[in-house]
Every structure is written in structure tokens, then in C-alpha cells.
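Written below as C-alpha cells is the structure these notes are about.
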Amino acid sequence: MGEFDILKGNTIGARWPPTASLVIDDEVLACLCLPDGAHIHEEDKTMFLIHPTPPDSAAAPLPSVVHSVRVSSQTPLFATSVFINIADESVDRGAIQLSMVAVARCPLFAEFGGILRHAVALAADLMRGRDVGLDGIHSRQDVLAAVYRELNRALQRELQVSVLGKTFHIGTLLDGGSASGNSLPLSTASRESNAEPVHLDETLSAIAASADGGSAPATPEPEWPVASYTGISLSALVRAFGPDTMVLWYALLLRRRVLFTGQPAQAVCNLVLAAPLLVAPLESLASRLAPYVCLQDTTPLDVAGGVCGSTNLLFATREEWYDVHGSLTTGSVACSSASSLSAIKPGSGDRKFIKNVLAGLSESRSEAWIRVQFANHTRAFLAGVEADTLRGTQAKYLSSFVSDELYRAYLVQEARRAAVAEANGSASEAAVSVADIRALVATLAKGDADVAPVRLQHMLFELDKVLSDVLHLEEVVRLGGVSAVTPFLSHGSAQVRKYAVSVLGKLAVSLPGQLALLQLDAVGDVLALVDDSRANVADAAAKCVLRMAQLFVGAQALVRASTLDICTRLVLAKKTPLTVRTSAARVLLEIYEQVPGVPVPAEEVIKAFHLQLYLESPELKVALYLLLDMWGASLPALPWTERVNRFLNALCVEDQLTRTDASCHILAQLGERRELALEFVARGGIEVVLQNLRPVVNIDILVTASFCLLTRLAATALGRRRMLHLLIVPKATTALGEVNPALAFVAAELLETLSQFEETAELVVADGGLEALAAAVVRALADPHVRALALPALTALRNIALFVPSAHPLLAEHTAGQGFELGRAGDNKQLDAQVSDILASVCALVDAGPTPAPDLRRSLVRRILLDKAKTVN
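In short: position in the sequence shown from 1, add 90, done, that's the working numbering.
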């Protein structure tokens with residue numbers, strides 16, 4: 091049991107058995123159980139692995155006494171720790187901060203978490219002198235002994251445990267069942283290696299015996315693939331990093347050091363443990379995982395190809411500790427300046443793949459589905475390695491993977507699986523071939539003249555199932571799948587209509603699929619089905635429309651097809667199924683986000699939407715609140731939540747490091763739940779954040795996180811209205827001149843967001859933002875190492891050119907003299923395109939003005955062309 095002592099810091103206050111000892115320093119163990127920044131949460135959780143032998147280090151082998159246990163097994167030990175923070179004015183520091191950790195040979199992170207949460211809460215009650223009402227439980231030692239005793243009394247095969255008066259159902263993990271629904275079934279090989287039940291007391295006794303010089307029991311040792319770790323979510327990782335997830339995919343294959351940072355610790359640990367699932371079926375990364383690392387032991391950061399996590403923001407500032415950094419706070423992945431990965435940009439195939447996966451994620455596709463997509467993507471890459479058919483970015487950076495240790499281990503692993511399958515007389519399910527898909531599409535293309543509805547339904551169902559693998563989407567489109575399926579939208583059978591529109595909805599996730607739908611003028615046919623008399627057909631059609639709205643080309647087509655009126659009617663019609671109404675509201679939200687200039691609905695429509703807030707489901711309410719905010723409508727009183735109250739309190743404490751941790755945590759939460767931003771603003775959150783930009787603050791990380799928060803809040807109309815009355819722009823322009831490039835970058839991002847809207851774009855110009863932005867661009871382009879930092883500033887200037895015509899003369903004055911320098915961005919294609927865009931915009935706008943623009947225009951264009959000619963030569 092770990093606890094925080096105001097005089098001693100983090101300590102291990104009790105353990106059971108009393109003689110048990112891990113060969114890991116108690117100070118390190120205490121810090122792993124009490125993560126940095128945990129005091130801003132009421133509860134947190136860490137998960138970490140204790141490896142019996144350290145993996146190879148990039149610098150030197152890890153000391154045998156660190157993160158090691160003297161047991162005979164090569165399988166790591168799995169530690170789960172739950173931390174609680176209970177306000178109590180009667181104790182020093184005003185709170186009881188306590189954690190409980192369990193170490194075992196099985197990765198039951200989810201199940202042990204629930205047990206420990208209950209137990210540590212009882213231990214805290216005992217510390218406060220409360221009677222917990224349980225016989226024989228009078229101290230923390232009694233709590234630890236009870237947990238240890240009851241867990242060790244149970245078998246892993248059937249863990250239904252009664253601990254301290256409460257029953258926990260851990261499930262039947264070893265016989266192939268899933269534990270509490272949080273894990274995928276174990277592989278056949280893993281189950282076979284555990285034919286005999288293994289007692290948990292053998293796990294913990296082995297630790298004690300080895301520490302005392304004894305020998306561990308010779309029991310069969312399970313091999314736990316990462317896919318069997320319970321409570322781990324790959325979906326959360328993909329949701330956190332979006333398109334940047336593919337940079338992580340490359341980093342893992344190239345065995346670069348990956349570091350995740352952010353808040354809370356549980357989320358960071360999940361990122362580390364889920365990362366290997368990106369490159370499944372490669373399974374040799376587990377020995378390099380360090381889900382939580384503390385300052386007291388940074389040796390895991392030296393492990394070649396290691397994946398580490400920390401809540402201490404200092405780690406992110408030490409580039410020598412990582413090659414690739416994933417920030418949960420900003421939802422971005424960045425490479426260290428010394429890493430060769432900094433030049434990697436995922437290829438078109440990778441980008442299409444992750445776009446389709448993100449579309450599935452937005453539709454609440456399951457964790458199992460997400461895992462299958464990445465496994466298929468990696469298997470396709472491995473097939474390319476074997477056949478020597480890699481192309482594009484994969485060929486450029488992974489051409490030598492055929493001789494890599496990971497690939498060799500994969501081949502051995504596959505050979506063993508094939509041998510086991512052959513010995514058991516079983517065979518893996520054959521993959522769907524292009525020939526199979528071609529035959530299915532060709533049969534559907536013949537029409538339904540001679541095909542029974544049941545047969546049609548079956549074929550469409552099979553095609554729908556094929557499309558569950560996003561790698562097949564564009565193949566089906568290429569083979570004419572859209573034109574083959576579209577005629578069945580008007581079929582007499584409801585089941586045929588349902589599967590037809592479901593297939594088109596999956597194809598609409600990709601740009602080629604949407605273009606094919608537009609060429610066939612099928613948008614109207616799909617929209618007609620949202621009013622289908624069969625609720626399941628209408629629901630499938632509404633989801634298809636939602637997928638179309640998530641791409642710009644589809645959203646534009648929906649606007650032309652009067653979708654705004656249709657969806658508004660569906661939202662307001664109480665007889666419409668709730669799932670259809672919710673999808674319709676989300677379609678409106680996507681259209682207004684994707685297509686600028688779409689007119690705001692009439693006042694009576696806005697009032698009608700207001701009324702829906704008091705009647706409907708939480709999911710629909712969220713979409714309606716966001717829509718009303720996007721339209722700039724006044725919002726009714728938002729329901730207060732305890733979560734936002736904790737956010738505000740954490741930002742107001744005296745300790746600046748606590749405020750920094752809280753800011754980062756809030757950023758991550760606002761990214762996951764956009765509606766929280768509205769409540770945060772309504773309760774004075776912007777004013778609280780501004781207090782952390784005061785000149786007395788000398789922690790750049792806090793100021794940087796505060797600007798990131800303001801940028802997130804400026805994306806809401808409610809936030810922008812509040813910012814109109816606060817001195818936001820002067821603070822941002824001051825930060826633009828900072829030496830710290832990260833601080834200048836986030837300040838430019840805030841101004842970029844503010845300049846996207848007419849009312850705040852005028853505010854940016856009025857408060858001197860234009861001049862500061864132009865100067866920031868020049869400074870950034872002058873330094874090759876930070877040249878990309880000019881991007882948000884350039885985008886802000888372009889937005890000003892579009893939304894503030896009165897600023898054209900000033901814009902011309904501050905860009906004309908710097909045109910030649912701005913055109914020298916040929917080493918960065920994205921920046922080069924942005925530079926060309928902003929200069930072209932300025933030229934076009936100034937050309938229409940009263941100043942001697944033609945000469946200026948010709949001068950700028952000539953400079954750009956000359957510079958590009960030099961780049962080409």
C-alpha cells in the first residue's frame with residue numbers, strides 16, 4: 091500500500107505478506123503507485139510490468155535490481171495500482187492520498203482495478219477512524235491480508251471473488267472466456283499452455299521465495315499476448331491521435347523509442363499497453379513496455395524500441411529520452427529533432443486506411459473491429475515484405491524489414507501456429523480474395539430479375555460483411571460495387587433495402603465511394619430511405635447519410651440535395667425513431683462544420699430545436715447543444731456537472747505544477763467530449779484560464795497548455811462571444827514574440843482559430859494581431875529548425891484576407907516587402923503550398939484594391955516564380 095507523507099514524500103506504508111519483497115526499490119514502487127499529478131484527480135490507476143530480465147538497452151543493460159524479480163519465469167509480472175484522493179481537512183495537506191497495488195502473473199488489469207478500488211476505499215475509511223462494519227477488519231494490514239487471502243483462494247479458471255464484503259466476477263479467462271467483457275479470448279496456444287489451473291498464491295509466493303533465496307514453484311508458465319490484457323483499449327489510442335496514429339505505426343515497426351505523456355495516469359498507461367496492438371500480429375514488443383515511468387527510475391527510457399508512459403510533463407521536454415512523443419494533451423504525435431522519423435509522412439494507402447478506421451470509430455464500431463483493422467493492415471504490409479512488393483512510404487522506410495528481428499520472430503511465431511493447427515487438424519479461415527469479391531459484385535450487377543429476394547439478401551449481407559475490413563472498401567468501389575448495389579435501394583424487400591443502403595454507407599466512408607455515389611446521382615435515393623416505413627431501413631439510411639456528411643464532397647452534395655430541410659424535419663418529428671433523429675442532428679452538425687457559408691436556420695427553427703433539449707436522450711442533446719452553439723444561438727442554462735467543477739478548482743490552486751497537470755487533463759477531456767467546453771465557458775472557465783497567463787507565471791508548460799485550452803474554447807461560439815470582452819489577442823501577440831518556439835506556435839494557433847470567424851477576425855486586426863503574425867512568419871522562416879511553426883500564422887493571415895476586407899492595405903504592406911523570403915519554403919511541401927496560397931490570396935485581394943496593386947502583384951508573382959524555378963533546377 092502506497093501513501094503520500096508530507097515529510098517523507100511517496101512511501102510504501104504496508105504490504106502483505108509482511109515478508110514478501112520485490113527486487114525493486116520501495117521508493118520507485120511508491121512513485122509508480124502514486125503517479126505525478128494524481129492529486130488533481132479523485133481517483134487514478136497505474137499499470138506496470140515487472141520484467142524478470144531486462145530487454146536490450148540502447149545504452150547499457152538495465153541493472154538487475156531494477157524492474158526485475160528473481161523468479162524462474164520469463165513472463166513478466168503485472169502490477170495494477172489504484173490511487174484515491176479524499177479531501178480531509180483534519181490531515182496535513184488537506185487530503186488522504188492512498189494507493190493499493192497487486193502484483194500477479196496474469197494481466198487482469200480491469201478486474202484487479204475494481205477489487206483494489208473497493209479495498210483502498212475501505213483502508214482510507216479505517217485511516218479516518220471509521221468502522222467499516224466487517225468482522226476482523228480493523229487496520230490497513232487487515233485489508234491487505236483479506237485481499238491477498240481471497241484472491242489466492244480462487245482459481246484463475248473461475249474467479250468469482252468475495253473480497254471485504256463485496257463479490258467480483260472476474261470471469262473464466264483461461265478456458266477461453268473473456269474477463270468482464272474487457273478482453274479478447276486468448277489464443278489456442280495460450281490456453282493449451284495452461285491446461286492445469288494455477289493458483290494466484292503461487293504467483294505471490296514465488297516473489298517472496300525468490301527474495302529470500304528460495305526457488306519458485308515449477309508451474310506451467312502462461313504466455314500472455316498483449317491482446318489478452320484486460321481493460322486495454324486500442325480505440326482510445328486511435329481516438330486520441332487520429333491520423334497521427336500512423337506515425338506511431340511506423341515508429342513501432344522501426345523500433346524507435348516512443349513516449350506518451352498526459353493525464354490521467356490510467357489513460358497514459360492504456361496508450362502504452364495498447365500500442366503493440368497497432369502492429370498485431372507482431373507479438374515481441376511486450377518485453378519493451380513500461381506503461382508508467384517515474385523520475386526516480388528513468389532506465390526504461392533507454393531501452394531500444396521501448397514504449398513508455400508518464401504523467402510528468404518534464405519528460406516531454408527531454409528529447410534525448412524519446413524518438414517519438416505522443417501527447418495526450420494535444421492529441422498529436424511529434425518526433426524529436428534528432429529522429430530520422432521526423433521526415434516520415436504516411437503514404438496515401440496509410441492515409442486512406444486511417445481515414446476509414448476513424449470513420450468507423452465515429453460510428454461507435456467495436457474495440458474488436460478496430461483491432462481487426464490494424465491486424466489486417468499490418469498483415470498486408472507483412473505480405474508485401476514477403477513478396478517484396480512494398481511501395482511508396484513503406485518501401486522507402488521499411489524495405490529492410492525482411493531482415494529485422496521483429497519479422498524473424500513473426501515468421502517463427504506463424505510457423506508454430508501452423509504446426510499446431512496442422513497437428514489439431516484445424517485450418518484458419520481463408521481470407522476473402524479479390525476473385526471472390528469480383529464474383530460477388532458481378533452477380534449483383536446482373537440485377538434481380540431471376541434472383542429470389544432471400545438470395546439477394548444473402549449476397550448483400552456477404553458483401554456487407556466483406557466491407558467490415560476497411561482494406562476492401564476501395565477494391566469494391568473499383569470493381570463497380572456502387573453501381574451494382576444502388577438499384578436495390580428501391581427493392582420491394584425491406585431486408586434487401588436495408589443491406590443495400592448499409593453497403594453503400596460503408597463505401598461512402600471513402601472518397602472514391604462518395605464520388606461513385608455522386609456520379610450515379612444516388613444521394614436522393616438514399617435520402618428517400620430515411621423515411622422508410624421499416625425502422626431498421628430508415629436507421630441504416632440515416633447512418634449512410636451521416637457517413638457522406640463526414641467528407642467535404644459529400645457534405646456539399648447533401649446541401650444541394652436539400653438535406654438540411656430533411657434532417658431538420660426528422661429532428662423535430664417526434665414519431666421519427668430516436669436513432670434516426672440523433673443521426674439527422676449529427677448530419678446537420680457535420681454539414682455546418684464541413685461547408686462554410688451554409689445559412690443559419692430561421693429563428694422559429696432554432697426555437698423548435700431549443701424545445702428538444704428538454705425532451706430527448708443525452709446523445710441527441712449533445713448534438714443539439716453543439717448545433718445551437720454553432721449557429722450562435724443563445725443556449726439555455728447548461729446542466730452543471732461535478733467534473734467541470736473539479737476542473738475549475740484544480741486550475742485555481744496555488745501550486746503551479748498542479749495547475750499545469752490540470753490544464754493538460756482538461757484539454758484531453760475537452761477533446762473527447764466537446765460539449766464539456768460549453769459548460770466550462772458558461773461557468774467562467776476562460777477567465778480562470780487567463781489567470782494562468784499572468785506575467786508572474788514562469789512555467790512555459792503552464793502557459794502553453796493555457797493557450798491550447800483557449801484555442802479549444804475559441805472553437806465554440808459561446809467561447810468567442812466571451813473572448814470579445816477580454817484582452818485575449820494582446821496576450822497572444824506578446825507570446826508570438828517569445829523565444830520558446832512551442833509557446834509562439836500555440837499562440838499562433840489561437841489567433842488562427844479566432845481569425846476563422848468574422849467577428850473575432852476583426853478583433854485580431856484591431857488589437858495588432860496582423861502585424862504580430864507577419865513578424866512571426868518572418869522569424870519562423872528564418873530558422874530552418876522551426877520553419878513549420880509559420881503554418882498557423884500564415885493560415886491566420888489568409889483568414890484575415892478573407893474575412894476582413896478593410897485590412898487588405900495593411901496586409902499588403904506587411905507581406906509585400908517579405909514576399910521573396912516567404913517564397914523560399916521549397917524544402918517543406920506543405921509549408922510551400924501554404925506560402926503560395928497566402929501570397930496568391932494577397933495578390934488577388936490587393937489587385938482589386940485602390941492601391942497601385944498591379945505592380946505589387948507582378949512583383950510578388952515574379953519573385954515566387956523565380957524562386958520556384960531555382961528550386962526545380
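Each residue gets a CB set at the ideal place from its N, CA and C atoms; glycine is no exception.
**Request:** Would you grab the beta carbon distance between Ala645 and Ala639 for me? Rounded to a whole angstrom, and I think it's under 8 Å.
**Result:** Sequence index remark: in the sequence shown, residue 645 carries index 555 (1-based). Sequence index remark: in the sequence shown, residue 639 carries index 549 (1-based). With a contact defined as Cβ atoms closer than 8 Å, Ala645 and Ala639 qualify at about 5 Å.
I need the DSSP call for Val627, collapsed to helix, strand or coil. Taking the first residue of the sequence shown as 1, we reach residue 627 at position 537. Three-state DSSP puts Val627 in a helix.
- Taking the alpha helix (DSSP H) that Phe199 falls in, what are its first and last residues? Taking the first residue of the sequence shown as 1, we reach residue 199 at position 109. First-last of the alpha helix (DSSP H) with Phe199: 199–217.
Problem - the region 338–357 touching the region 129–137, judged by at least three CB pairs closer than 8 Å - result: They touch, by the three-pair rule.
To the nearest angstrom, how far is the alpha carbon of Gly204 from that of Ala424? Position 114 of the sequence shown, counted from the start, is the residue given in the question as residue 204. Position 334 of the sequence shown, counted from the start, is the residue given in the question as residue 424. For Gly204 and Ala424, the distance between alpha carbons rounds to 34 Å.
Notebook entry, point to check: Under a Cβ-count criterion, where at least 16 other Cβ atoms within 10 Å of its own Cβ denotes burial, should Lys588 be classed as buried or exposed?
Noted result: Here residue 588 is taken as the residue at index 498 of the sequence shown, counted from 1. Buried.
Practice item. Report the option in Gly482, Asn735, Ala807, Val743 whose CA atom is closest to the CA atom of Gly775. Key: Residue 775 sits at position 685 when you count from the first residue of the sequence shown. Nearest of Gly482, Asn735, Ala807, Val743 to Gly775, Cα basis: Asn735.
Using the Cα positions of Thr801 and Gly352, report the straight-line distance between them to the nearest angstrom. For the purposes of this step, residue 801 is identified with residue 711 of the sequence shown, where counting begins at 1. For the purposes of this step, residue 352 is identified with residue 262 of the sequence shown, where counting begins at 1. The straight-line gap from Cα to Cα measures roughly 18 Å.
Count the other CB atoms within 10 Å of the CB of Ala985; is the residue buried (16 or more) or exposed (fewer)?
Residue 985 lies beyond the residue range present for the chain, which begins at 91 and ends at 963; the question has no answer from this structure.
Check your understanding: Which residue's Cα is closest to the Cα of Thr843: Leu879, Thr806, Val414?
Key -> As a working mapping, residue 843 is identified with position 753 in the sequence shown. Among Leu879, Thr806, Val414, the Cα nearest to that of Thr843 is on Thr806.
Practice problem: Return the chain-ordered list of same chain residues with a C-beta closer than 6 Å to the C-beta of Asp302, the five sequence neighbours on each side being excluded. | Solution: Counted from its first residue, the sequence shown places residue 302 at position 212. Residue confidence for Asp302 is low, a pLDDT of 37 falling below 50, so the modelled location carries little weight and cannot support an answer.
When the Cα atoms are used, what is the spatial distance from Arg195 to Ala851? Translated into the one-based positions of the sequence shown, residue 195 becomes position 105. Translated into the one-based positions of the sequence shown, residue 851 becomes position 761. Cα to Cα, Arg195 sits roughly 58 Å from Ala851.
Got a sec? Which residues, its chain only, sit under 6 Å from Asp615 by beta carbon, not counting five neighbours each side?
Mapped onto the sequence shown, residue 615 falls at position 525. Closer than 6 Å at Cβ, skipping near neighbours: Leu579.
Practice task
Return the first residue and the last residue of the beta strand (DSSP E) that Thr101 is part of.
Solution key: The residue labelled residue 101 in the question sits at position 11 within the sequence shown. Start and end: 99–102.
Check: Identify the residues that DSSP records as bridge partners of Gln187: which are they?
Finding: Here residue 187 refers to the residue found at position 97 when the sequence shown is read from its first residue. DSSP lists Asn175 as the beta-bridge partner residues of Gln187.
Less than 8 Å between the C-beta atoms of Val193 and Leu234, yes or no? In the sequence shown, residue 193 corresponds to position 103, counting from 1. In the sequence shown, residue 234 corresponds to position 144, counting from 1. The criterion of a C-beta distance shorter than 8 Å is not satisfied by Val193 and Leu234.
Discussion item. Quick check: the Cα distance between Thr407 and Tyr704, rounded to an integer number of angstroms?
Written reply: As a working note, residue 407 is residue 317 in the sequence shown. As a working note, residue 704 is residue 614 in the sequence shown. Near 47 Å, if we compare the C-alpha coordinates of Tyr704 and Thr407.
Q) Taking one C-beta from the region 390–399 and one from the region 338–352 each time, how about it: are there three or more such pairs within less than 8 Å? A) Short answer: they touch.
message = Whole angstroms are fine: how far does the CA of Ala822 sit from the CA of Arg981?
response = Any property of residue 981 remains undetermined from this structure, which presents the chain solely from 91 to 963.
Q. Is the distance from the Cβ of Ile460 to the Cβ of Val337 below 8 Å?
A. Translated into the one-based positions of the sequence shown, residue 460 becomes position 370. Translated into the one-based positions of the sequence shown, residue 337 becomes position 247. 8 Å or more divides the Cβ of Ile460 from the Cβ of Val337.
### Query
Is the region 317–327 touching the region 361–370 in the sense that three or more CB pairs, one from each, lie closer than 8 Å?
Here the region 361–370 lies against the region 317–327, with 3 or more beta-carbon pairs under 8 Å apart.
Along the chain, where does the alpha helix (DSSP H) that runs through Ile140 open and close? Here residue 140 corresponds to residue number 50 of the sequence shown, with the count starting at 1. Per DSSP, Ile140 belongs to no alpha helix (DSSP H); it is in the beta strand (DSSP E), 133–140.
* To do: Give the DSSP-derived three-state secondary structure of Glu453 in the structure shown.
  => Residue 453 sits at position 363 when you count from the first residue of the sequence shown. Coil.
_Considering Cα atoms alone, identify which of Glu410, Gly103, Ala838 is closest to Arg230._
By one-based count along the sequence shown, residue 230 stands at place 140. Nearest of Glu410, Gly103, Ala838 to Arg230, Cα basis: Gly103.
Straight-line gap, Leu206 to Leu216 (C-alpha atoms, nearest Å): If you number the sequence shown from 1, residue 206 lands on position 116. If you number the sequence shown from 1, residue 216 lands on position 126. Using only the alpha carbons, I get a separation of about 15 Å.
With a threshold of 7 Å on Cβ separation, who are the neighbours of His467 within its own chain once the five nearest residues in sequence on each side are excluded?
Sequence index remark: in the sequence shown, residue 467 carries index 377 (1-based). Around His467: Phe443, Leu561.
*Sort Ala837, Leu122, Tyr715, Gly482 by Cα distance to Leu188 and report the nearest one.*
Here residue 188 corresponds to residue number 98 of the sequence shown, with the count starting at 1. Nearest option by C-alpha distance: Leu122.
*Test item: CB-CB of Gly809 and Val771 under 8 Å*: For the purposes of this step, residue 809 is identified with residue 719 of the sequence shown, where counting begins at 1. For the purposes of this step, residue 771 is identified with residue 681 of the sequence shown, where counting begins at 1. The answer is yes: Cβ separation under 8 Å.
### Query
Do you know offhand how far Tyr682's Cα is from Met720's?
The sequence position of residue 682 within the sequence shown is 592, counting from 1. The sequence position of residue 720 within the sequence shown is 630, counting from 1. When rounded, the distance between both Cα atoms is 8 Å.
Distance check for Thr101 and Asp95, CA to CA, integer angstroms please.
Translated into the one-based positions of the sequence shown, residue 95 becomes position 5. Translated into the one-based positions of the sequence shown, residue 101 becomes position 11. If you draw a straight line from the Cα of Asp95 to the Cα of Thr101, it is about 7 Å long.
What are the partner residues of Val423, as DSSP defines its beta bridges?
-> Counting from one through the sequence shown, the residue named residue 423 turns up at place 333. Beta-bridge pairing links Val423 to Gly416.
Q | Distance between Phe491 and Arg733 (C-alpha atoms, nearest Å) | A | Translated into the one-based positions of the sequence shown, residue 733 becomes position 643. Translated into the one-based positions of the sequence shown, residue 491 becomes position 401. So the two alpha carbons sit approximately 47 Å from each other.
### Task
Determine the burial state of Phe642: buried for a count of at least 16 other Cβ atoms within 10 Å of its Cβ, exposed for fewer.
Counted from its first residue, the sequence shown places residue 642 at position 552. It is exposed - the Cβ of Phe642 has fewer than 16 other Cβ atoms within 10 Å.
Residues bridged to Cys798 (per DSSP) = For the purposes of this step, residue 798 is taken as the residue at position 708 of the sequence shown. DSSP links Cys798 through a beta bridge to no other residue.
C-alpha distance - Asp745 paired with Val237, whole-angstrom precision: Translated into positions along the sequence shown, residue 745 becomes position 655. Translated into positions along the sequence shown, residue 237 becomes position 147. CA-CA distance, Asp745 to Val237, rounds to 36 Å.
Exercise for the section: Please name the residue or residues paired with Glu93 in a DSSP beta bridge. Expected result: Looking up residue 93 in the sequence shown gives position 3. DSSP lists Thr101, Leu188 as partners of Glu93.
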